[in-house]
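Taken in order, these protein sequences are the chains called R and U.
Counting along the first sequence from 1, when you hit position 232 you're at 232 in our numbering, and nothing is skipped either side.
Counting along the second sequence from 1, when you hit position 243 you're at 243 in our numbering, and nothing is skipped either side.
Yeah, the Cβ is synthetic: ideal placement off N, Cα and C, and Gly gets one too.
Since this is a predicted model, take the numbers as computed values, not measurements.
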Amino acid sequence: MIRLEDTSGGAVAAAIAEERRRIGSPATGMVLTMLVLADEESQSDATSAAVSAARQHPMRILTLIPRSGKETRLDAEIAVAGEDGPGEVAVLRLRGELANFGNSVAVPLLLPDTPVVAFWPHNAPPVPADDLIGRHAQRRITDLAAEPDPIAALARRKAGYRPGDTDLAWTRLTPWRSALAGALDQPLGQVTSASVFAEDSNASAVLLATWLNKCLHVTVDLVSSSGPGITEVRLETHEGALTLSRPVGDKAMLSRPGAPDSSVALPRRELASLLAEDLRRLDTDEVYGEVIASVSI
Amino acid sequence: MSPLRHLTSPANPLRNPLDQRLPHVAGPCGMVLFGVTGDLSRKKVMPAIYDLYNRGLLPPRFALTGFARRDWETQDFAQIVHDSVREHSRTPFNEDTWKQMAEGIRFVAGDLGDADAYIRLAETVRDLDRDRGTGGNHAFYLSIPPGLFPVVLQHLKGAGLADDSADSWRRVVIEKPFGHDLASAQELNRIVNEVFATTSVFRIDHYLGKETVQNILAVRFANSMYEPLWNSNYVDNVQITMAEDIGIGGRASYYDGIGAARDVIQNHLLQLLALTTMEEPLSFNADDVRAEKVKVLRAIQLPRELGKHTSRGQYSAGYQGGIPVKGYLEEEGINPESLTETFAAMRVDIDNRRWAGVPFYLRTGKRLGRRVTEVAVVFKRAPHLPFAKTAVQELGNNAFVFRIQPDEGITVRFGSKVPNTSDFQVRDVTMDFGYGDSFVDASPEAYERLILDVLLGDPPLFPQNAEVDLAWDILDPVLEYWATHGKPDQYVSGGWGPHSSYEMLARDGRVWRRP
């Protein structure tokens, strides 16, 4: 790890290049730049999750942390490809007035001609795409579950949605959606209604209910349960109900009318694996766009 | 009307082609594995099934049935699968995933020729449909020598196991070799097609499941900067190499009498050649890709003088990477008089507008310098070099190389100025794209991809009768020539093949790349 105090964006870029040369791998196959827009409290977890996701998506990670203070200056910590993974990380502390000009620090550090992703571990701006730094990113990742009031934040997210936004509350649903879609690969009678059971204030549950409503064209009830998270999805048909329930742990039980119950793995995933999923495709997640636009709160 | 509505598939309202997060999961189904104790089953097939399961790409109630002449109970077979998964799976072992998968494991004991055993197998399959919900969809994976295919296939048919219906499928998976010449390949096709329709037969050529092989088509047809050069105006020659550093190991009984050309050129190298040289397909659906492959395979011409443009050899004793190794004729189980080649190289030409005049060199061998497979497109030198002769002395031909394995990726070789103030000098440099550097998302094993495609019924990556027949059509005259002219040249283990292979290129004024 290299520390640079009272430095500049250009000097950080030069230091990264120098460090690469020193360890003998100047050529890099990095596919994107990720901007982690965090505060001191969240930066460490968010950065290490990004480093871990970089094992699947080699990338340059720039963690920008605004700091208050009288003195205006940039301090940086740099680490380049090593045991932690193939990417490069720069943790940048923007002190004093510089906190408002993170843009100027990030621009010289963006890898040329490759996608840029912005990630707000919490405290996402109202319109991520309009954010001073977010506007450089074609993919903007937020996390409703990390907001103090996820449901209120969901309403803001809906209002501030621009193509290219995604939220980890949506990413967390992929195993649920996949298991449900898998269950419906075998013909099931007409679904007449559906319910999602989840603890209160769970934004993922709202998104799941909205998605089911849009796909199945039936009323989907959101039923309060004691959690954790989403505990059950129930699709009613004339032949009986198909249920996918996960009361505890990683294992869910799928039961459908006229067939034996089966267990389905529905793991609760770490931040790193959620980020890795989000980075797999960098084009607009149109289904998320449709769903967030239809959320009614 | 919701915009999502017209995009969701009528069959399953939760599936939407725009939904790129949902993985393509196989529907309810099961697989019956013949030849459960073979190397391939234990090292590739079983681990691939587990990996697919672990990645959530198989239905939760997938069923795996073993069939073998062993005095085993289901738990004995489960133990075999467990051990093979523990040892060879690509993804980490997870006890829960394993337990779930183990619930779907069955074993049927019986002789391959025993009709009663197939009746028991049919019962097992029916029970699975009932208890496990496999929906009548079953793939039969024949990991057994082709000589046993007729008896197994006939019994499958006899027990009604090959009968599909409107809403369920039956498929058969077979491994190479797909015959040993055109006549035997056609006979094999006939035997298989008597029981399974052509579209239900999946031939595994594991090369075609490799990401890097599929990437040949992506690089060629998704980019604009290569295709304009991809023709005889710019290409000098193309060299396709598959080299192994190992000898025949324990495969003596399989290998002797087959040899390098049948084992590798007939399938892998000719498929690589077809992918490298075919025209752009109308679409990437199986029929369109196959149509182009067949077209280019049909345009392949052998040299008139086979003796001058082919080469074959047998490895002799020596050192391979610092380890003393035996010669082929001294290997256990090999007839010391054997004429089977362990190295084969040949030139072919493609008679079409794009490729006329460009020689294609194919070579494969065992106990060569290192393990490597690559497709190297070697370009012509620039028509004029406006530099002093000394400046470009060290400049070779430009080359574009698909590194198929190991160290998957692409190398581009071109000339660059050597930094120096006193004289002007141009030297070869390389630009590398490493698959593993940019997409570390641990490339799935070829077998994972192929087994999933079998279960999804997605055939683009499987060669069909026409391609297999054409490949034999190309190879048969060479094999006949070799059978009647002399014997293989000896080559020292650990090098790059017999002297005759160098002479073969020297006659054309060319040299092999050192891969």
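Close CB contacts of A260 of chain U within its chain, under the 8 Å cut and outside five residues either way in sequence, are with R312, E341, T342, F343, A344, T364, G365, K366 (chain order). The C-alpha of M34 of chain R is placed about 25 Å away from the C-alpha of P23 of chain U.
Residue burial is scored here from C-beta neighbours: L385 of chain U has fewer than 16 other C-beta atoms within 10 angstroms and is therefore classed as exposed. When the alpha-carbon of W230 of chain U is set against those of U:L275, U:N267, U:V195, U:I204, the nearest one is in U:L275. In this structure, the beta-carbon distance from L94 of chain R to L62 of chain R does not fall below 8 Å. Residue contact with chain U for E286 of chain R: present (Cβ-Cβ distance below 8 Å to some residue of chain U). With a cutoff of 8 Å on beta-carbon distance, V116 of chain R and L110 of chain R are scored as near each other. Taken through DSSP and simplified to helix, strand or coil, I410 of chain U comes out as strand. Nearest to I297 of chain R by C-alpha distance, out of R:P260, R:A205, R:A265, is R:A205. The straight-line gap separating the alpha-carbon atoms of F433 of chain U and E332 of chain U is approximately 41 Å.
With a threshold of 8 Å between beta carbons, V51 of chain R makes no contact with chain U. Per the coordinates, the alpha-carbon of M225 of chain U lies some 25 Å from the alpha-carbon of R280 of chain R.
Residues of the segment 246–273 of chain R with a Cβ closer than 8 Å to any Cβ of chain U, in chain order: D250, K251, L254, A259, P260, S262, S263, V264, A265. If you compare the alpha carbons of R:L132, R:V127, R:P257, R:W170 with that of L144 of chain R, the shortest gap goes to R:W170. Taking a beta-carbon distance threshold of 8 Å, F433 of chain U counts as an interface residue toward chain R. Against chain U, the CB of G182 of chain R has a partner CB under 8 Å away; the residue lies at that interface. Of all residues in the segment 128–159 of chain U, only D131, G133, G135 come within less than 7 Å of chain R when Cβ atoms are compared, listed by chain position. The beta carbons of R172 of chain R and L271 of chain R sit no closer together than 8 Å. Cβ-Cβ separation between S316 of chain U and Q490 of chain U: approximately 4 Å, consistent with a contact (criterion under 8 Å). Using a Cβ-Cβ cut-off of 8 Å, T124 of chain U does not count as an interface residue toward chain R, since no Cβ of chain R sits closer than that to its own. Boundaries of the alpha helix (DSSP H) harbouring E480 of chain U: 465–484, taken from the DSSP string. The C-beta distance from V196 of chain R to A183 of chain R rounds to 15 Å, too long to meet the 8 Å contact threshold. Below the 7 Å Cβ cutoff, chain U contributes P13 as neighbours of L216 of chain R, in chain order. Between V85 of chain U and W98 of chain U, the CB-CB gap stays under 8 Å. Within chain U, the residues R21, L22, P23 have their CB atoms less than 9 Å from the CB of T174 of chain R, given in chain order.
The segment 214–232 of chain R makes no contact with the segment 37–50 of chain U; the number of CB pairs closer than 8 Å stays below 3. E270 of chain R: not part of any alpha helix (DSSP H); DSSP gives it neither H nor E. Residue ranges of uninterrupted alpha helix (DSSP H) with 4 or more members, entirely inside the segment 186–233 of chain R and ordered along the chain, are 203–216. Beyond the five residues adjoining it in sequence on each side, E279 of chain U comes within less than 8 Å, by CB distance, of E292, K295, V296, R354 in the same chain, given in chain order. Secondary structure of A356 of chain U (DSSP, three-state): coil. Bounds of the beta strand (DSSP E) holding T65 of chain U are 63–68. Your pair D75 of chain R and E19 of chain R does not check out as a contact, with CB atoms roughly 17 Å apart and the cut at 8 Å. T97 of chain U belongs to the set of residues whose beta carbon lies under 8 Å from a beta carbon in chain R. Note that the C-beta distance between A53 of chain R and A276 of chain R is below 8 Å.
The count of Cβ pairs closer than 8 Å, one atom from the segment 109–128 of chain U and one from the segment 61–69 of chain U, reaches three, so the stretches are in contact.
For S104 of chain R, the CB contacts under 7 Å within the same chain, skipping 5 residues up- and downstream, are G9 in chain order.
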